[in-house]
Amino acid sequence: MRIVRTGAVIIVAMAAAVALGNAKIQIGFTKLVKPAEGSALAKAGCVVCHAKMGKADLNPFGKHMADAMKALKTKELTKPVLDKIAKLDSDKDKATNEQELKAGTLPGHPKSKPAPESAPAK
Ligand SMILES: [Ca+2]
């Protein structure tokens, strides 16, 4: 019984640590990207990088970000991390991550993308 309880405490503590780590990344993201108020990006929260709210699974943008953080040997979301993945199109919707972040759309979800009229006029 005691072992089960200790195991449960460890699992809860680990989940809290993961949630805190993600919150730190999310705060860093908001500071760096400054998503426009009311945009899909501002409202998305965890879903910017995760497949679903409250789930550990990363979407394609989250995976690229995690790879970039690993390559740069950091556990924090920094500008060099964002710069490293700026030119990628993580969700393959023909808009780069940088374009999506500027437009306030979700770079990890192909159904969320900048409106075509936001492209520069010729
Ligand atoms: Ca995209």
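With the first letter of the sequence shown counted as 1, position 116 gets the number 115 in numbering that gives the first Met the number 0; the numbers rise by one all the way through.
All residues carry an ideal CB built from backbone N, CA and C; glycine is no exception.
Sequence-distant Cβ neighbours of Cys45 in its own chain, meaning closer than 6 Å and more than five residues away, are Met52.
Looking at the DSSP output, His49 shares a beta bridge with Leu57.
Straight-line spacing of the CA atoms in Asp82 and Ala55 works out to 24 Å. Non-local C-beta neighbours of Ser38 in its own chain, meaning closer than 7 Å and more than five positions away in sequence, comprise Gly103, ordered along the chain. Secondary structure of Leu76 (DSSP, three-state): coil. His108 and Thr73 have their C-alpha atoms some 25 Å from each other. Burial is judged here by how many other beta carbons sit within 10 angstroms of a residue's own beta carbon; Glu75 has fewer than 16 and is exposed.
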